[in-house]
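Peer 1: Have a look at this one.
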Amino acid sequence: MFSFKNLLFGIFCTCFLSIWTGVHASQMKNILDSPEIIITAAHQTVSSYEPYQTLSVQTQIELSHSLTALGMIVMLPPDWTYLGTSGTNPSEVAPKIEGRTVQFAWINNLDLNQLTFSYSLRAGSLVDQDETITACVIYRFETSNERKQDVLPNPLVIKARNIKPNPPDLVSPANHETGISLSPTLVSGSFL
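Dropping the structure here:
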């Protein structure tokens, strides 16, 4: 039986389903069109350090797809100093340094498969413990939200090099060459 009520219900269902499937189809299209982005990031340096030693940290970031923006944030050990960058793909923007944090950024030429660069650091004045460097990359693909991934190993551990102080030379030329006696002489008081 035909009724106006059934007609309205049919029109409503048709409109609702076409709107609903259209929304989901466009979401599915975006999901299918967005390739799985794979970023691998690694860094390495010397295994141990001495006071005020200059060391280089080599960094390699591999990209599976072109990106819109890429950044890297590095947290330095206390009392360590950032000195500069070098390599094939140093940061396009001057690194931003705030306290112990160094930020690198790339906004052009992100259709490369790999970024490789090094940054130099000067160790602090004390070598009393192992130190760590932590880093992460932050990236964006087209209109996607910002994503974050650790640079491995996380943390990068740099061991304190055990430096033994040089003991004073116990042989003195004063007794043999100059004739000066180093024997204790009691001026006043007693030895007890």
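Going letter by letter, the sequence shown gives residues 4 to 195 in this note's numbering. Just so you know, even glycine gets a beta-carbon here, dropped at the ideal spot from N, CA and C. Here the structure is a predicted model, which means the values were calculated and not measured.
CB-CB under 6 Å to ARG150, same chain, minus the five flanking residues each way: which ones, in chain order?
Peer 2: Against the sequence shown, residue 150 aligns to sequence position 147. These residues qualify, in order along the chain: TYR142.
Peer 1: Closest to THR71 by C-alpha separation, out of PHE144, PRO98, ASN157, would be which residue?
Peer 2: Start at 1 with the first residue of the sequence shown, and residue 71 comes out as number 68. Answer by Cα proximity: PHE144.
Peer 1: Figure out for me which residue from ASP131, SER121, ASN148 has the closest Cα to the Cα of THR57.
Peer 2: Within the sequence shown, numbered from 1, the residue matching residue 57 stands at position 54. With distances taken between Cα atoms, THR57 lies closest to SER121.
Peer 1: On the criterion of 16 or more Cβ atoms from any shown chain inside 10 Å, does TYR55 qualify as buried, or is it exposed?
Peer 2: Sequence index remark: in the sequence shown, residue 55 carries index 52 (1-based). So TYR55 counts as exposed.
Peer 1: Verify whether the separation of the beta carbon atoms of SER67 and ILE41 is less than 7 Å.
Peer 2: The count along the sequence shown starts at 1 and reaches residue 67 at position 64. The count along the sequence shown starts at 1 and reaches residue 41 at position 38. Their beta carbons are under 7 Å apart, which means SER67 touches ILE41 by this criterion.
Peer 1: Between THR84, GLY74, ILE64, which has its C-alpha nearest LEU124's C-alpha?
Peer 2: Counted from its first residue, the sequence shown places residue 124 at position 121. If we check each option's Cα against that of LEU124, THR84 comes out closest.
Peer 1: Of all the options MET78, ALA44, LEU113, which has the alpha carbon lying nearest to the alpha carbon of GLU134?
Peer 2: The sequence position of residue 134 within the sequence shown is 131, counting from 1. GLU134 has its Cα closest to that of MET78, out of MET78, ALA44, LEU113.
Peer 1: What is the DSSP secondary structure of GLU65, reduced to helix, strand or coil?
Peer 2: Looking up residue 65 in the sequence shown gives position 62. Strand, per DSSP.
Peer 1: Please go through the same chain and pick out, in chain order, the residues whose beta-carbon is closer than 6 Å to the beta-carbon of TRP109, but skip the five residues on each side of it.
Peer 2: Residue numbering aside, residue 109 sits at position 106 when the sequence shown is read from its first letter. Cβ within range, chain order: LEU73, GLU95.
Peer 1: Could you check what DSSP says for LEU70 in three-state terms: helix, strand or coil?
Peer 2: Translated into the one-based positions of the sequence shown, residue 70 becomes position 67. Residue state, collapsed to three classes: coil.
Peer 1: Helix, strand or coil: which one does DSSP assign to TYR85?
Peer 2: Locating residue 85 in the sequence shown gives position 82, where the first residue counts as 1. It is a strand residue.
Peer 1: For ARG125, name the three-state secondary structure that DSSP assigns.
Peer 2: Taking the first residue of the sequence shown as 1, we reach residue 125 at position 122. Residue state, collapsed to three classes: strand.
Peer 1: If I measure Cβ to Cβ from GLY87 and keep anything under 8 Å in the same chain, skipping five residues before and after, which residues do I get?
Peer 2: Mapped onto the sequence shown, residue 87 falls at position 84. Excluding positions up to five away in sequence, the list reads TYR122, SER123.
Peer 1: GLN132 lies in the beta strand (DSSP E); which residues open and close that run?
Peer 2: In the sequence shown, residue 132 corresponds to position 129, counting from 1. Taken as a continuous stretch (DSSP letters only), GLN132 belongs to no beta strand (DSSP E), as it is neither H nor E.
Peer 1: For MET31, which residues from the same chain have a beta carbon less than 8 Å from its beta carbon, with the 5 sequence-adjacent residues on both sides left out?
Peer 2: Working through the sequence shown from its first residue, we reach residue 31 at position 28. Residue placement at MET31 cannot be trusted, given a pLDDT of 33 that sits under 50; what the coordinates show is reported in the next sentence. No residues qualify anywhere along the chain.
Peer 1: Which word fits LEU129, buried or exposed, when buried means at least 16 other C-beta atoms lie within 10 angstroms of its C-beta?
Peer 2: What you label residue 129 is simply residue 126 of the sequence shown in a count that begins at 1. By the neighbour-count rule (16 or more Cβ atoms within 10 Å), LEU129 is not buried but exposed.
Peer 1: Please report how far the alpha carbon of GLY102 lies from the alpha carbon of THR91, in whole angstroms.
Peer 2: Within the sequence shown, the letter at position 99 stands for residue 102. Within the sequence shown, the letter at position 88 stands for residue 91. Distance between the alpha carbons of GLY102 and THR91 is about 26 Å.
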